[in-house]
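A.B. asks: For the sequence shown, position 71 matches number 71 in UniProt numbering, and the numbering has no gaps at all. Glycine included, C-beta positions come from ideal geometry on N, C-alpha and C. I'd like to ask you about the structure that follows.
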Amino acid sequence: MAENENLPPRVIKEIAKELKSLDESPPGGIKVVVNDDNFSTIFADIEGPAGTPYEGGVFRMKLVLTPDFPNSPPKGYFVTKIFHPNIANNGEICVNTLKKDWNPTLGLRHVLLIIRCLLVEPFPESALNEQAGKMLMEDYEAYAKHARLYTSIHALKPKLKSKVAISESTALNEGPKNALVTSPSPLVPCTTNKENNIQDPSINVASTEAIGVGASAVHKKKDLASTKVHVDKKKLDARKKSLKRL
Numbered sequence: 001m002a003e004n005e006n007l008p009p010r011v012i013k014e015i016a017k018e019l020k021s022l023d024e025s026p027p028g029g030i031k032v033v034v035n036d037d038n039f040s041t042i043f044a045d046i047e048g049p050a051g052t053p054y055e056g057g058v059f060r061m062k063l064v065l066t067p068d069f070p071n072s073p074p075k076g077y078f079v080t081k082i083f084h085p086n087i088a089n090n091g092e093i094c095v096n097t098l099k100k101d102w103n104p105t106l107g108l109r110h111v112l113l114i115i116r117c118l119l120v121e122p123f124p125e126s127a128l129n130e131q132a133g134k135m136l137m138e139d140y141e142a143y144a145k146h147a148r149l150y151t152s153i154h155a156l157k158p159k160l161k162s163k164v165a166i167s168e169s170t171a172l173n174e175g176p177k178n179a180l181v182t183s184p185s186p187l188v189p190c191t192t193n194k195e196n197n198i199q200d201p202s203i204n205v206a207s208t209e210a211i212g213v214g215a216s217a218v219h220k221k222k223d224l225a226s227t228k229v230h231v232d233k234k235k236l237d238a239r240k241k242s243l244k245r246l
């Protein structure tokens, strides 16, 4: 917490509130990296906007807050190397919002959104990188090619959220199939209903054998009963004959 001691308690409280809001509801294409021990330097990962030479890359930048914040604007720097008219070779960002247009009521969210918009619409008239500014005004294709090269070499790669979502969906869909294929015990085979051609895993060998044994016992019992009836009938006939003789 030593780093935070450089900031007034009121400022720390306000920054903590803003960081919580940014963490719970991040702006599109921006991810803030929160460090509770040091609110004076705030890092953020910015995704290169689609349709720009920065598309497909993630750029880390930082905002450095002074003890006088928010009365004075933060200083912005790109940590990731980037080829852009308004970003110097040392990463310093030149944008009016962080200079003459600064207003103490502007929050960190607004600043981050302005910096991401700068990747969409550079201002070569106030260039910190003169080479990038000149190329942008004279030969956009050459500028874009150079910027894309920087993006491919230095920028971080975005996380594939869709791939994770697909794999999770695949896992959910394949889970029951795998359970049927890999987990059944030898006592739970799939039997086939020939008429409907449907597999029914609810009937197992144990229940089938039990049914067979039960049926066999019933048949044996019936045979014994019929045999007993047949013998009793013979005895009855013999007794009738004896009575007739008397």
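#1: Between the Cα of residue 52 and the Cα atoms of 45, 76, 140, 156, which residue gives the shortest distance?
#2: Reducing DSSP to helix, strand and coil, say where residue 130 ends up.
#3: Pair every Cβ in the segment 83 to 95 with every Cβ in the segment 15 to 24, then say whether three or more of these pairs are closer than 8 Å.
#4: Mind checking which residues open and close the beta strand (DSSP E) that includes residue 75?
#5: Once you ignore the five residues that flank residue 154 on each side, which residues in its own chain have a CB closer than 6 Å to its CB?
#6: Excluding sequence positions up to five away, which residues of its chain have a Cβ less than 6 Å from the Cβ of residue 71?
#7: DSSP on residue 92, reduced to helix/strand/coil?
#8: Just grab the DSSP bridge partners of residue 84 for me.
#9: CA-CA distance, residue 40 and residue 136?
#10: May I ask you to report which of helix, strand or coil DSSP gives residue 65?
#11: Could you compute how far the alpha carbon of residue 124 sits from the alpha carbon of residue 134?
#12: Measuring CB to CB, does residue 22 end up less than 9 Å from residue 108?
#13: Residues in its own chain within less than 7 Å of residue 78 by CB, not counting five upstream and five downstream?
#14: When the distance is taken between beta carbons, is residue 115 closer than 9 Å to residue 57?
#15: Look up residue 14 in the DSSP assignment and say whether it is helix, strand or coil.
#16: Is any heavy atom of the ligand MG found at a distance shorter than 8 Å from the C-beta of residue 15?
#17: Counting along the chain, where does the alpha helix (DSSP H) carrying residue 142 start and finish?
#18: How many angstroms separate the CA atom of residue 48 from the CA atom of residue 9?
#19: Tell me, which residues are paired with residue 114 by DSSP?
#20: To which residues of the same chain is residue 20 closer than 6 Å at the C-beta, ignoring the five residues directly before and after it?
#21: Hey, how far is the Cα of residue 142 from the Cα of residue 37?
#22: Which term fits residue 96, buried or exposed, when burial requires 16 or more other beta carbons within 10 angstroms of its beta carbon?
#23: If the criterion is Cβ atoms closer than 9 Å, does the pair residue 111 and residue 119 meet it?
#24: Please tell me whether residue 94 has its Cβ less than 9 Å away from any Cβ of chain B.
C.D. replies: Taking the definition as stated:
#1: 140
#2: helix
#3: no
#4: 75 to 78
#5: 80, 81
#6: 104
#7: strand
#8: 87
#9: 34 Å
#10: coil
#11: 7 Å
#12: yes
#13: 59, 61, 87, 91, 93
#14: no
#15: helix
#16: Absent from the structure shown: the ligand MG. Ligands present: none.
#17: 140 to 154
#18: 35 Å
#19: Paired residue(s): none; residue 114 is not in a bridge.
#20: none
#21: 43 Å
#22: exposed
#23: no
#24: Of the protein chains in this structure there is only one, and it is not chain B.
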